[in-house]
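Data block below; observations after.
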Amino acid sequence: MQRRRAAVDTAEPPAGRRRRLWELPPRALDMVLGIGLPHEALRRVARRVLRAEPRAHGHELHAGLVAECRRRGPMAEALQEALERQHAGAQRQAADAGTAEALAAWWQAQTASGELPGALWAVLSHPRCTETLQQRVLGEVQMLQFQAGQAARVELARFEALIDENAVLGRALAAAQQRCVQLGAEHERERAAWQAESAALRGRLAALAAPRPERSEAAAADAQRLARQAARIEVLERALAAAQQPAPPLRPAVPAAPEAGSTAPPLPLAVTTAPTLDQRNVLCVGGRTGIVPVYRRLVEASGGRFLHHDGGEEDKLGALDATLAAADLVICQAGCVSHNAYWRVKDHCKRTGKRCVFVETPSAAGLQRALAQIGG
Numbered sequence: 238m239q240r241r242r243a244a245v246d247t248a249e250p251p252a253g254r255r256r257r258l259w260e261l262p263p264r265a266l267d268m269v270l271g272i273g274l275p276h277e278a279l280r281r282v283a284r285r286v287l288r289a290e291p292r293a294h295g296h297e298l299h300a301g302l303v304a305e306c307r308r309r310g311p312m313a314e315a316l317q318e319a320l321e322r323q324h325a326g327a328q329r330q331a332a333d334a335g336t337a338e339a340l341a342a343w344w345q346a347q348t349a350s351g352e353l354p355g356a357l358w359a360v361l362s363h364p365r366c367t368e369t370l371q372q373r374v375l376g377e378v379q380m381l382q383f384q385a386g387q388a389a390r391v392e393l394a395r396f397e398a399l400i401d402e403n404a405v406l407g408r409a410l411a412a413a414q415q416r417c418v419q420l421g422a423e424h425e426r427e428r429a430a431w432q433a434e435s436a437a438l439r440g441r442l443a444a445l446a447a448p449r450p451e452r453s454e455a456a457a458a459d460a461q462r463l464a465r466q467a468a469r470i471e472v473l474e475r476a477l478a479a480a481q482q483p484a485p486p487l488r489p490a491v492p493a494a495p496e497a498g499s500t501a502p503p504l505p506l507a508v509t510t511a512p513t514l515d516q517r518n519v520l521c522v523g524g525r526t527g528i529v530p531v532y533r534r535l536v537e538a539s540g541g542r543f544l545h546h547d548g549g550e551e552d553k554l555g556a557l558d559a560t561l562a563a564a565d566l567v568i569c570q571a572g573c574v575s576h577n578a579y580w581r582v583k584d585h586c587k588r589t590g591k592r593c594v595f596v597e598t599p600s601a602a603g604l605q606r607a608l609a610q611i612g613g
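The sequence shown runs 238 to 613 under this note's numbering.
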């Protein structure tokens, strides 16, 4: 015991041999184990030596290991090996210092670069570490620990202030998000109101663009009746003229006259100038129910496939879009369709580029002219 204590208290250790962990004074031993190895590394060494999980934690474990390393034993030797492995590079660098002054200069350079753990072990275990250098190193480490603790307290205070500030900002963000939600809902309500107003304005525009009705219902009814009579007269005149002409070669037979009571007028044919529709779908929008069969015969006689929609009178207006999509050519009886159907037909044909003819007066002759115009 006296020999070991004399070795520890010697101002100049024997040349050529580094000091072992158990040869360090208690203060140096405490700092080496506190700084030289991470806490988890200390637990691993203790677990390996004890062959069980240490019950102590934190400062209690550190104090127990310091007490064990004051004398040579399995725990001290295991921690010595761990320090040698952990700081082998620092020990090789410090080995070049042949005097206490050179070792002190190397220590100063290492602390300036922040390499404190390895430099502490390399200096305290170095054979040229004198008592004076040892006290200087331990004092500087203690001061660095004090400064680090003070800086940690400052950082902790700053961190807590940042937490408080973050809470304030979080509440402000939540309020801003709530405001954004409210503004979004308000914007949606305004957009819905704008859309409703826009739809109403489009309806008014369509009403203004459409032919103006007569001032009285009687005048409107008279005008419709006169239009129907004029159309029927025109159809009958054309049918009569066609019937009086001699039949040219390869001319299709004239369809049979409608039965008694039927509202369908005879079908006039102008085969020599009839267009060839090449099995294209021809959609006729509008027209009276009784004249639809005449329209069908005219379209099919021209080589087309007949589609029909009444323009909103009886058929569901929602089916108009699907019927328009299936059509290749469109004929719209503008005088007997609803304003909504009229604008749907016009918008669809403009948007898709489909050929479309608007017929003001619904009649077979008008349809023939439309077929000649659209199929030519």
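We treat Cβ as the ideally placed atom computed from N, Cα and C, and that holds for glycine. None of these values were measured; they are calculated from a predicted model.
- In this structure, the straight-line span from the alpha carbon of Ala-346 to that of Leu-353 is close to 10 Å.
- Of the residues assessed, Ile-611 falls on the buried side of the cut-off, its CB having 16 or more other CB atoms within 10 angstroms.
- DSSP, read as helix, strand or coil, puts Cys-417 in helix.
- About 6 Å separates the beta carbons of Gly-523 and Cys-569, which is inside the 8 Å limit, making them a contact pair.
- Measuring C-alpha to C-alpha distances from Glu-318 to each of Glu-297, Trp-259 and His-546 identifies Trp-259 as the nearest.
- Classified as exposed, Ile-400 has fewer than 16 neighbouring CB atoms from the shown chains inside 10 Å of its CB.
- For Leu-557, the enclosing alpha helix (DSSP H) covers residues 556-563.
- In terms of CA proximity to Lys-591, Leu-561 leads the group Gly-572, Ala-349, Ala-601 and Leu-561.
- Inside the region 265-312, DSSP marks whole alpha helix (DSSP H) runs of 4 or more residues at positions 276-287 and 295-305, from first to last along the chain.
- Inside the region 337-389, DSSP marks whole alpha helix (DSSP H) runs of 4 or more residues at positions 337-350 and 353-361, from first to last along the chain.
- For His-585, no beta strand (DSSP E) run applies; the uninterrupted alpha helix (DSSP H) run containing it begins and ends at 576-589, by DSSP.
- Distance from the CA atom of Gln-414 to the CA atom of Thr-348, rounded to whole angstroms, is 50 Å.
- In the structure shown, Leu-520 falls within a strand segment according to DSSP collapsed to helix, strand and coil.
- The C-beta distance from Leu-274 to Gln-323 rounds to 6 Å, short enough to meet the 8 Å contact threshold.
- Counting along the chain, Leu-535 sits inside no beta strand (DSSP E); it lies in the alpha helix (DSSP H) bounded by residues 529-538.
- The three-state secondary structure of Leu-393, taken from DSSP, is helix.
- Here Arg-365 really is in contact with Gly-335; their C-beta atoms are around 7 Å apart, less than 8 Å.
- DSSP places Leu-261 in the coil class of the three-state scheme, outside both helix and strand.
- Under the three-state reduction of DSSP, Leu-566 is assigned to strand.
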